[in-house]
Amino acid sequence: MKRQWIDETLKYLLILIIAAIIGAILILIKGEDPLKLAGEVFRYALGTRAGIASTLRWASPVILTGLGIAIAFRVGIGNIGVEGQLYVAALVTAILGYSLTSLAPLTLKIVAISGGMIAAALYALIPAFLLVKWRVNEILSTMMLNYVATWGTEYVVRAFFMESTAVVPRLIATREILPEARLGQLMPPYDLNTSLIIGVVLCVLFYLMYRYTRLGYMLNTLGGNKRFARYGGLNITALTFLVFALSGAVGGIGGSAEILGIHRKFINGFSAGIGWDGLLVSLIAKNNPLGIIPAGLFWGLLKNSGFIVERISSVNRWTIYVLQAVIVLLVTADLYVRPYLKRKATATKQREVL
Amino acid sequence: MTDNHVILELRNITKHFPGVIANNHVSLSVVEGEIHALVGENGAGKSTLMKIAAGIYKADAGEIIVDGKLQNFHSPQDAFLCGISAVHQEFMLINSLTVLENIVLGFEPRDRLGFLNVREAELRIRELNKKYGLNVPLMAVVGTLPVAIQQQVEILKALYKNARILILDEPTAVLTPQEIGDLFKALRSLKAMGTTIIFVTHKLNEVLSIADRVTVMRGGVVQGTLPVAEVSEEKLAQMMVGREVIFRIQKVQKDVDRSSPILDVRQVNLSSDAGYPILKNINLTVFKGEILGVAGVAGNGQTELVEVITGFRHPDTGEINIRGERFAYISPRKFREDNSYVCQDRRQVGSSPQQSIWENVLIGLQEQRRFSTRSGILKRNAIYGYTRDIVKQFDVRTPSIHTPAGSLSGGNLQRLVLGRELAKDPILLVAEDPTRGLDVGATEYVRTQILQFAAKGKSVLLVSQDLNELLMLSDRIIVLFKGEIVGEIPGDEATPELVGLYMLGLKRGEKNEVAV
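Sequence order for the protein chains is A and B.
Position in the first sequence (from 1) plus 9 gives the number in our numbering.
Position in the second sequence (from 1) plus 24 gives the number in our numbering.
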């Protein structure tokens, strides 16, 4: 067990080193000094109050969406529809957030977020139903439903909830939520808010659930070997519906929190891909709920670094996107490197024996 | 064997494994065009020796001489270039590809532009197929074929690659008597065409019926090589075991209570998705204390019968009664509540390889109050204790109960599965090929456990491809042929020949005799 930990840590370090080298080369090509630039970026991102707040702010939504996706991926369900599910959640949260005028602040927040979760869960049940009833591949259906959700919410907002007649995308928005519905800021005046705490707590709760509960055992078994799960009498249909709903609901909080904590109204196109970023975070974390926390924080750091780099040098944020891609590739590529390493290890062992 | 040209010679082969000497100065010479049997008990070193000859293992010492030339094999590829090809017990086939694709795999013929061109290969393979009297459908997907045909695919693959020496490692272990007959026919025609065959087995009657010469191994040492004409089964057995008697499982005396049916299947019919009948009007009863054996050539409905009884498939019509409770169909969950099921595929269905041993044991029991609280928290200590008891009682050799089940050997995994299924004290056990692929020790263990279970007044439905096993364990044997029960034979009257006749559809019981 301990050895495995060391192995994993070393592997992630190696990935970071490779990414750093590639990053350095890209920066050199741009004619900047990579060491100096990296030093500056880290000083801003981790050494200033504004930088830390910004890093954590970007980590918050991807921890939630990452966890939502991991919940599905763990059991072999390819829900890549979190991006769409969080739009549905966000719209419902925004509407509840400005219309429920008679509720106490805490109740209002809880109701607004819960409403979003329920909406996202119901939306995620559509692909679940298609999968169970007609074996429609969930990767395809959730992907398509992303478009339905992003354009569908835009349509609904325009048709029913818009005050102005603007056509500029950023102005296609609902009314602003009530001040009581806003999530508390953790480091005023910065955007960082309590959704970070919600995300971290949920990650820990899900970790404990998988490890210590009956439901966790059943989900682990379904993820481990579906045929065995069926043989053992687990209700696979019910578990599948449950996983879709949980995945959508948790991912949905990522959208709701952006509305209540940052934008204060549903704005068309507000997400800027946090659902997709969540997919990458869950890949880096290998679908482990506890791993989602560091992976999400790291992702926030990268995202923030992208903004900083643009401000202080001629390098643009796409360089950071390249690094993100490299890191994700290396983490997933490890699946194929591993057996090779193992083979080599046994070969050496055999030689020792002979 | 007109000339006595030695095509393959192994000289003083020695191979150590940690703690054992698998081969100790073993020498073997094989004459061109003969069928050379290599016999010995499990662990005698025959498989190791053959793996060395096929380039899979490297010997610690010794020489391999092919056609008079000293060879040094570093890989199966090297052996193969010398014309040596092996068909292993576990087939090296890709289930999702067709037979043709499997055969050309790794040697794909290409045209000048580098595109795959299987036409020529296909013609050649068809010719080989016909020439050697094999019966392989080239366009069929391998995973859908019965084991016996898959084996022929392996042989065809070797022939396609111009094998001159064919090593068959226990080829009959997975075959029915009829299929064994077909295999032997094919081997004889291979021999007639000049192929040399090394036939590894521990079944002596097979040696006598097919081989020209036989080499006996025991404890990693060659006991001798003799022409088959000069040996008897008794003599071979003595050489193999080193003493005169051969161990047989002692059948326990027990009473079958024919007044209390435990499993009663009535009028069950099942059709495939395409509408072909798979099971036709099945009626069967397993009584208290009885082991009912189900025989049949693979693909005659045994698997589906088990699936219907254990709830994996819904029958079109009919009913299943278990201890008087009537079901039009049953769910796997309901079935496993009071009954147990040891399924054929212990790695893909009967266990979850990446999960720990305790997680594999808990399956189906997680709702019980002794293993989880009402609020849904697992009681880990209780689960661990229960798992440790099973591991201990059924002698599962593992470093810990947290080890992934997939890392257990076949025999150990089957002990674990059987332990899990018997520890919950079921009323009825359905077992499908419970000893498939296990070595002698594990096989004996599993069979003894099944017998002891029935001796406690429990019931067993035993479906097996191993006719010997059925004869050894069953109180009664029914035979499935094309989805129908065509015969029922009391255990003490059953002989391989009689059961074989039913299995081939050459004999049928009277209708009223069949329907109990």
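Here a beta-carbon is modelled for each residue, glycine too, at the ideal position from N, C-alpha and C.
Inset, instruction - Could you tell me whether any Cβ in chain B is nearer than 9 Å to the Cβ of Ala423 of chain A? - result: No information on residue 423 of chain A is available, as it lies outside the stretch 10 to 363 that chain A covers here.
Legend entry - Beta carbon proximity, Phe237 of chain A to chain B, threshold 9 Å: yes
Legend entry - Alpha-carbon to alpha-carbon, Thr122 of chain B and Gln476 of chain B: 44 Å
Legend entry - For Asn155 of chain A, three-class secondary structure by DSSP: For Asn155 of chain A, the three-state secondary structure derived from DSSP is helix.
Inset, instruction - Provide the residue(s) that pair with Gly317 of chain B in DSSP beta bridges, ordered along the chain. - result: B:Leu486, B:Ile501
Legend entry - Test: Ser375 of chain B CB closer than 9 Å to a CB of chain A: yes
Inset, instruction - Grab me the residues of Ile89 of chain A's own chain with a C-beta within less than 7 Å of its C-beta, minus the 5 sequence neighbours each way, in chain order. - result: Ile148, Thr151, Met152, Leu288
Inset, instruction - Identify, in the order they occur along the chain, each residue of the same chain with its Cβ nearer than 7 Å to the Cβ of Glu33 of chain B, setting aside the five sequence neighbours on each side. - result: Ser53, Ile89
Inset, instruction - Assign Asn126 of chain B to buried or exposed, taking buried as 16 or more other Cβ atoms, counted over all protein chains shown, within 10 Å of its Cβ. - result: Its Cβ being crowded by 16 or more others within 10 Å, Asn126 of chain B is buried.
Legend entry - 9 Å Cβ cutoff met for Arg290 of chain B and Glu343 of chain B: yes
Inset, instruction - Consult DSSP for His338 of chain B and reduce its assignment to one of helix, strand or coil. - result: Coil, per DSSP.
Inset, instruction - Check the Cβ of Gly388 of chain B against every Cβ in chain A and list those closer than 7 Å, keeping chain order. - result: Gly241, Gly242
Legend entry - Proximity test, Cβ basis, 9 Å: Arg83 of chain A and chain B: no
Inset, instruction - Using beta-carbon positions only, say whether Ser109 of chain B and Ala78 of chain B come within less than 9 Å of one another. - result: yes
Legend entry - Opening and closing residue of the alpha helix (DSSP H) in which Leu228 of chain B lies: 228–234
Legend entry - Backbone CA spacing between Phe275 of chain A and Ile268 of chain A [nearest angstrom]: 6 Å
Legend entry - Stretch pair the region 218–234 of chain A + the region 105–122 of chain A: three plus CB contacts closer than 8 Å: no
Legend entry - Three CB pairs or more closer than 8 Å across the region 131–150 of chain A and the region 79–94 of chain A: yes
Legend entry - Pairwise C-alpha distance: Met126 of chain A and Val337 of chain A: Answer to the nearest angstrom: the Cα atoms are 28 Å apart.
Legend entry - Neighbour-count burial assignment, Val101 of chain A, 16 or more Cβ in a 10 Å radius: buried
Legend entry - Beta carbon of Thr328 of chain A nearer than 9 Å to that of Leu44 of chain A: no
Legend entry - Residues that Gly300 of chain A contacts on chain B, provided the C-beta gap is smaller than 8 Å: Within chain B, no residue comes near Gly300 of chain A; the closest Cβ sits about 17 Å away, beyond 8 Å.
Legend entry - Cβ pair Leu311 of chain A, Leu332 of chain A closer than 9 Å: yes
Inset, instruction - Provide the residue span of the beta strand (DSSP E) that contains Arg39 of chain B, from first to last. - result: The displayed chain sequence assigns Lys, not Arg, to residue 39 of chain B. Counted as a single uninterrupted DSSP element, the beta strand (DSSP E) harbouring Lys39 of chain B occupies residues 30–41.
Inset, instruction - Give the DSSP-derived three-state secondary structure of Phe97 of chain B in the structure shown. - result: coil
Legend entry - Delimiting residues of the beta strand (DSSP E) encompassing Phe351 of chain B: 349–351
Inset, instruction - Identify which residue in A:Leu65, A:Glu189, A:Lys39 has its Cα closest to the Cα of Leu195 of chain A. - result: A:Leu65
Legend entry - Residue nearest to Asn297 of chain A in terms of C-alpha spacing, selected from A:Val252, A:Phe215, A:Gly278, A:Ile24: A:Phe215
Inset, instruction - Measure the alpha-carbon distance for Asn48 of chain B versus Thr239 of chain B and round it to whole angstroms. - result: 15 Å
Legend entry - Exposure label - Ile346 of chain B; buried when at least 16 CB within 10 Å: By the 10 Å Cβ count, Ile346 of chain B comes out buried.
Legend entry - Asp206 of chain B versus Val44 of chain B - alpha carbon distance: Answer to the nearest angstrom: the Cα atoms are 37 Å apart.
Inset, instruction - Express the C-alpha separation of Pro303 of chain A and Lys295 of chain A in angstroms, rounding to a whole number. - result: 12 Å
Inset, instruction - With 9 Å as the threshold, decide whether the Cβ of Thr222 of chain A is near any Cβ in chain B. - result: yes
Inset, instruction - Could you spell out where the beta strand (DSSP E) holding Gln291 of chain B opens and where it closes? - result: In this chain, the beta strand (DSSP E) harbouring Gln291 of chain B covers 281–295.
Legend entry - Cα-Cα separation between Leu115 of chain A and Pro197 of chain A, rounded to whole angstroms: 19 Å
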